[in-house]
Amino acid sequence: MMLEVEAALLDKLCEGIRAAVPGVWLGYTSFGWVGYHPTFPFHAFDRSSGDAFFPQVYWSDRGVSWSSGRAEAMQMLEAARLQAPVWIVQSNDDTPQGASPATADLNAFFDLTPPYSSLWEFPSSAS
7 MMLEVEAALL DKLCEGIRAA VPGVWLGYTS FGWVGYHPTF PFHAFDRSSG
57 DAFFPQVYWS DRGVSWSSGR AEAMQMLEAA RLQAPVWIVQ SNDDTPQGAS
107 PATADLNAFF DLTPPYSSLW EFPSSAS
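Under this note's numbering, the first residue of the sequence shown is numbered 7, with each subsequent residue one higher.
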């Protein structure tokens, strides 16, 4: 029942924004691995503010490579059947081995993702 109330409030909020600013573009961001968060109202966000979804996929936090983290996130997104275009927000912090990500890995990530995908942070020059 609570999720239905929250979804209705989200719908009302987004309808109000769209009415106040015609043509506004609304996207949303949240967890990158949607399958691990079954109670989050992804479908309500997708319906109300689904001009784009920017899932946050931080490979170093999970101790996985960028490619396996991205692949797992995309599998979960496909299974969830969300409709918004997906532009992944990727971390660029240290790899699970403690090193900065290689330029080749970052380029490979961008080669596989849509043009509005992005990096969340750059490694410190002190590291």
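Glycine residues also receive a C-beta, built at the ideal position from the N, C-alpha and C atoms.
If you're wondering where the values come from, they're calculated on a predicted model, not measured in any experiment.
Expressed to the nearest angstrom, what Euclidean distance is found between the alpha-carbon atoms of residue 62 and residue 40?
Along the sequence shown, read from residue 1 onward, the residue named residue 62 stands at position 56. Along the sequence shown, read from residue 1 onward, the residue named residue 40 stands at position 34. Our two residues, residue 62 and residue 40, have alpha carbons roughly 10 Å apart in a direct line.
Are there three or more Cβ pairs, one per stretch, closer than 8 Å when the stretch 41–58 is compared with the stretch 21–33?
The stretch 41–58 vs the stretch 21–33: in contact.
Given a threshold of 16 other Cβ atoms within 10 Å of its Cβ, counted over all protein chains shown, does residue 50 qualify as buried or as exposed?
The residue labelled residue 50 in the question sits at position 44 within the sequence shown. That one is buried.
So, under 8 Å CB-CB, residue 59 and residue 33 are touching, yes? Tell me the CB distance rounded to an integer number of Å.
Mapped onto the sequence shown, residue 59 falls at position 53. Mapped onto the sequence shown, residue 33 falls at position 27. Taking 8 Å as the upper bound for CB-CB distance, residue 59 and residue 33 are in contact here, some 7 Å apart.
Three-state secondary structure (DSSP) at residue 59?
Position 53 of the sequence shown, counted from the start, is the residue given in the question as residue 59. Three-state result, residue 59: strand.
How should residue 64 be labelled, buried or exposed, when 16 other C-beta atoms within 10 angstroms of its C-beta is the threshold for buried?
Here residue 64 refers to the residue found at position 58 of the sequence shown. Buried is the call here.
What would DSSP say about residue 71, mapped onto helix, strand or coil?
Along the sequence shown, one-based indexing puts residue 71 at 65. Residue 71 falls in the coil class under three-state DSSP.
Let's test the definition: count the other Cβ atoms within 10 Å of the Cβ of residue 69 and tell me whether it reaches 16, buried, or not, exposed.
Residue 69 sits at position 63 when you count from the first residue of the sequence shown. Per the 10 Å Cβ criterion, exposed.
Closer than 8 Å by C-beta to residue 12: which residues in its own chain qualify, once you throw out the five before and the five after it? Chain order, please.
Along the sequence shown, one-based indexing puts residue 12 at 6. Within the same chain, and ignoring the five residues on either side of residue 12 in sequence, the residues whose Cβ sits closer than 8 Å to its Cβ are 47, 50.
Taking the C-alpha atoms as reference points, what is the distance between residue 16 and residue 10?
What you label residue 16 is simply residue 10 of the sequence shown in a count that begins at 1. What you label residue 10 is simply residue 4 of the sequence shown in a count that begins at 1. Approximately 10 Å between the Cα atoms of the pair.
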